[in-house]
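Worksheet: the structure to be examined is printed underneath.
In this note's numbering, the protein residues as written are 173 to 737.
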């Protein structure tokens, strides 16, 4: 049974339900060929507030793929509640060896990963009302927050990892496993909870024929789980800033021995992102092995054992799991932000400083390509560049923003944004407004060009008249995206030190000089930058020295021009 609360100011006359598993139906519309076909999901009984709905009536639109609209016998009043009971049956896609999974699935009867496995109430928001976007397989999800109470009935001997907290360990675990679990929070060691020699009922789990594993999860936007009679179970801890230690559970198949090292990677990600944004909120975290090697759910990831995938999927616990963005439309607010923070986390793991130079400039190589949609385009229909737009462009965008305001300022602003929208559903406009507010400047020009267009800066030094420590540098912007004018000036190793200049930062024998972006707002295509460093001799000038502004050709950003080879 599901209890639905209507927090809007409008009565709801329909209920929109998602049947994600219908994507595997052979007649379903989708973007990707699935690794397996099934009969999808079938609803047998729907009861709303005690009134049974005729599932065969044409008006109910029962056969519309992954989105089902149910007319309500009585509207849910603004601020009111309603209860829904649904009986359904669904197939679990069997993923052949050698094929990637499709957000869960099974390998025969050996291991099961259950994701998007139940009829799910769609999101209703103040932008579009009911979210009716179909699940086509390319884009991801947009879900409600709620409390889940889930009972999972499996044969004894099958271990279960899931979203939420196990409520009945004394009924499903052995005394040995419970005793081992009691020591997990004592150190960073990765401990064996159920080992390779502990198989079957009475060894891997409590005795019996079938066991019911009971989980609860508060304030989560989905529930996923996995089970296998062959799972090995290790556990360790993560120490979350301001919260203390929580358990990390790792369920893996016996041949996948690299999971022996995964606990430290998971700990690093949970602790690093907790410090970067806000503390991981939930009471535990679980990583499960299986056919799906990279997908995220609240408190649970389906992930391979390596650092990159472990770190990336755990990063999703922040967005979209704790900051509930609409991944279907705006994947860059989910995957893109995650890719950005993965760069920071991986460098911290490898104990090296992060350098975001050249990242923003890379967009100059693909800007303006006709088949590339803007970042604000509905990602369901993003075309062949949708993966690039979803994953790659946000780190590029934030690299350029870091050149303007500083990387640490970008991260402080995003931290404030994430804290303000924790367990809420921000739109792109909420993000833009939050960043403008936190950075204390109007960056509307920046957001417009990055999010609503595919334009680039494409700047160059046209000419430079040098005379000792003085110069007139003519800069041209051939693209439609404006940017500040940023010049690095290099001086001769000997001779007078460079004199101070009000918009310059001098560091030894180099200076960085910046003019604000509004030098372009009059519509001019060229700008003359006047330099005056007294008697110091200028030897070289570089435009956009960090290569953070999208540019197709950086060879014309240097004066004097390099000799032709």
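Just so it is clear, CB atoms sit at the ideal spot from N, CA and C, and this is done for glycine as well. These numbers come from a predicted model, not from an experiment.
By the neighbour-count criterion, in which a residue is buried when 16 or more other Cβ atoms sit within 10 angstroms of its Cβ, residue 644 is exposed. With contacts defined by Cβ atoms closer than 7 Å, residue 335 and residue 470 form a contacting pair. Using a 10 angstroms sphere on the CB of residue 269, the tally of other CB atoms stays under 16, which defines it as exposed. Inclusion of residue 285 and residue 272 in the CB contact set at 7 Å is not warranted, their separation being larger than that value. Following the DSSP letters along the chain, one finds residue 492 in no alpha helix (DSSP H), marked with neither H nor E. For the 7 Å CB-CB criterion, residue 621 and residue 567 do not form a contact. With fewer than 16 other beta carbons inside 10 angstroms of its own, residue 694 counts as exposed.
Between residue 561 and residue 572, the C-beta spacing is not below 7 Å.
Shortest Cα-Cα distance from residue 223 to any of 238, 244, 691 involves 244.
Of all C-beta pairs linking the segment 500–518 to the segment 452–459, fewer than three are shorter than 8 Å, placing the two stretches out of contact.
Residue 276: not part of any beta strand (DSSP E); DSSP gives it neither H nor E. Nearest neighbour of residue 669 by Cα position, chosen from 701, 441, 707, turns out to be 707. Here residue 452 is not near residue 515, since their CB atoms are 7 Å or more apart. Around the beta carbon of residue 199, fewer than 16 other beta carbons sit within 10 angstroms, so the residue counts as exposed. Counting along the chain, the unbroken alpha helix (DSSP H) around residue 600 starts and ends at 600–611.
Boundaries of the alpha helix (DSSP H) harbouring residue 582: 579–592, taken from the DSSP string. Looking at the backbone, the Cα of residue 709 and that of residue 662 are separated by about 9 Å. Burial of residue 482 is indicated by the presence of at least 16 other C-beta atoms within 10 angstroms of its C-beta.
For the 7 Å CB-CB criterion, residue 259 and residue 216 form a contact. Residue 531: not part of any alpha helix (DSSP H); DSSP gives it neither H nor E. In the assembly as shown, residue 311 is a buried residue. Its beta-carbon has 16 or more other beta-carbons within 10 Å. Scanning the segment 470–528 from its first residue to its last, the whole alpha helix (DSSP H) runs of 4-plus residues come out as 479–487, 507–521. Sequence-distant partners of residue 415 (beyond 5 residues in either direction) whose C-beta falls short of 6 Å from its own C-beta, in its chain, are 451. Per the coordinates, the alpha-carbon of residue 425 lies some 38 Å from the alpha-carbon of residue 598. A distance of 7 Å or more separates the beta carbons of residue 399 and residue 322. For the pair residue 683 and residue 676, the CB atoms are nearer than the 7 Å cut-off. Rounded to whole angstroms, the Cβ separation of residue 585 and residue 615 is 10 Å, and the two are not in contact under 8 Å.
The C-alpha of residue 655 lies about 12 Å from the C-alpha of residue 569. Approximately 18 Å separates the beta-carbon atoms of residue 494 and residue 287; this is outside 8 Å, ruling out the contact.
When the Cα atoms are used, residue 524 and residue 479 turn out to be separated by approximately 16 Å. About 14 Å separates the Cβ atoms of residue 498 and residue 394, ruling out a contact at the 8 Å cut-off.
Shown here, residue 209 sits in coil according to DSSP, grouped into three states, outside any helix or strand.
Residue pairing by DSSP places residue 444 in no beta bridge whatsoever. Taken through DSSP and simplified to helix, strand or coil, residue 352 comes out as helix. A Cβ-Cβ distance of about 5 Å is found for the pair residue 722 and residue 629, placing them in contact under the 8 Å criterion.
For residue 616, the enclosing alpha helix (DSSP H) covers residues 616–624.
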